[in-house]
Amino acid sequence: MAQRESGTDPLFEIKNMYYLGEFQRCVNDAQKAKVTTPDLQLERDVYMYRAYIGLEKYKLVLDELRSTASQELKSLSLLVEYLQISQGSNVDENKKATVVKKVDDKLNSGEVASSNYVFFVTAATIYCYEENYEAALRVLHQSDHLECLAYSVFAYCKMERPDQAGKVVKRMQETDEDATLTQLAEATLNMQLNGKHVQEAYHIFHDLFDKYAHSTIALNGMVTALVNMGRYEEAESFLQEALQKDSNNPNILINLVICSRHTDKSEDVINRYVNQLRDSHPNHPVSQLWANKEREFDRVSKQYAPEVTA
């Protein structure tokens, strides 16, 4: 699928809604879109099904893509398979490894077309979930599609390599500096650089927030920047709006815990957000971190518990 300039792309709004985390809006717009060429129809379907994945409609995606001949859409089924296995508290690591091997084998087969950026992004997403950022970058470097570049920035930031992320952001700016993906990548880099750059990230997220109907990703980006700047009360006011839009978003819940602690909320309020995160996202790294600390505290407490004698 060809990469189009925003001014000539009939799917521009659909893509933007996906990039900004407005998945239901993306689905609605995709279903109403009147596109006539097979290439545009395929690209529309790619973003629609990716939005369904964002909404966790996994069964719907698998059922509807079961008989597809499209390599781009088939790659989405791999991601759904991985995400389904990763749900819940009892994850079958062997099944996850099987999906990762399917991705490895597909890449090593030489059958993936260089134009199939959807597979590259899908494979990189799975590798990033596995925290194998080097593998993700090897995949992403096979395409200069703006999505692959944006995901490379994310991977480099996770590896704490802002120097490399900055080089990719520069390439994106040279390609299309006004693109939403470029703006998000620049904001992500600024958050990684910290210091005065966080203020720049805040302004980027705020502009996207105003421009695109208070999108969840822009809203949470603003909040994260405010938290990093210590502006907790301001962040909390935005978080209440974010909570109404997406009550189970893990980043929103984590930021609510942080803000609640810094604004002297009661332990009951804080624990409510903690429990909501752990119930909704038991496999999230922060949920697992808290659970591990809880287990460690219990273990140490038992060592110092008073002995009861008859």
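Quick note, the numbering used here runs 27 ahead of the 1-based positions in the sequence shown. All C-beta atoms in this analysis are idealised placements derived from N, C-alpha and C, irrespective of residue type, glycine included.
When the five nearest sequence neighbours on each side are left out, the beta carbons in the same chain lying within less than 7 Å of the beta carbon of GLN303 are those of LEU280, in order along the chain. In the pairwise beta carbon analysis, the region 230-243 is classified as not touching the region 187-204: fewer than three pairs are separated by under 8 Å.
Exposure of THR64 is indicated by the presence of fewer than 16 other C-beta atoms within 10 angstroms of its C-beta. MET186 carries a coil assignment under DSSP once its states are collapsed to helix, strand and coil.
For ALA96, no alpha helix (DSSP H) run applies, since DSSP gives it neither H nor E. Between the beta-carbon of ASN247 and that of ALA269 there is about 6 Å, and that keeps the pair under the 8 Å contact cut. Counted as a single uninterrupted DSSP element, the alpha helix (DSSP H) harbouring LEU304 occupies residues 294-307. With 16 or more neighbouring CB atoms inside 10 Å of its own CB, SER102 falls in the buried class. With fewer than 16 other Cβ atoms from the protein chains shown falling within 10 Å of its own Cβ, GLN226 counts as exposed.
Taking the CA atoms as reference points, GLU213 sits about 10 Å from THR207.
Here VAL118 carries a coil assignment [DSSP, helix/strand/coil]. Within the region 41-116, the alpha helix (DSSP H) runs of at least 4 residues that lie entirely inside it are, in chain order, 50-59, 65-81, 85-92, 98-112. Using a Cβ distance threshold of 8 Å, ALA162 and TYR154 count as a contacting pair.
Contact annotation: LEU38 and LEU67 have beta-carbon atoms nearer than 8 Å. With contacts defined by Cβ atoms closer than 8 Å, PHE147 and GLN114 do not form a contacting pair.
Assigned with DSSP and collapsed to three states, ASN135 falls in helix. Contact annotation: the region 50-59 touches the region 74-90, with at least three C-beta pairs closer than 8 Å. When secondary structure is reduced to three states using DSSP, GLN200 falls in the helix class. In this structure, LEU216 sits near CYS184, with a CB-CB distance shorter than 8 Å.
The closest CA to that of PRO189, considering only CYS175, ASP171, LEU220, SER314, is found on LEU220.
The residues TYR259, GLU260, GLU263, in chain order, have a CB closer than 7 Å to that of THR290 in the same chain once the five nearest residues on each side in sequence are set aside. Look at TYR144 here: in three-state DSSP terms it is helix. Counting only residues of its own chain and dropping the five nearest sequence neighbours on each side, LYS129 has a CB closer than 7 Å to the CB of LEU105. In this structure, the beta-carbon distance from LEU110 to TYR85 falls below 8 Å.
Separation of the CB atoms of LEU47 and ALA245 is rounded to 6 Å, and the pair is thereby assigned contact status at 8 Å.
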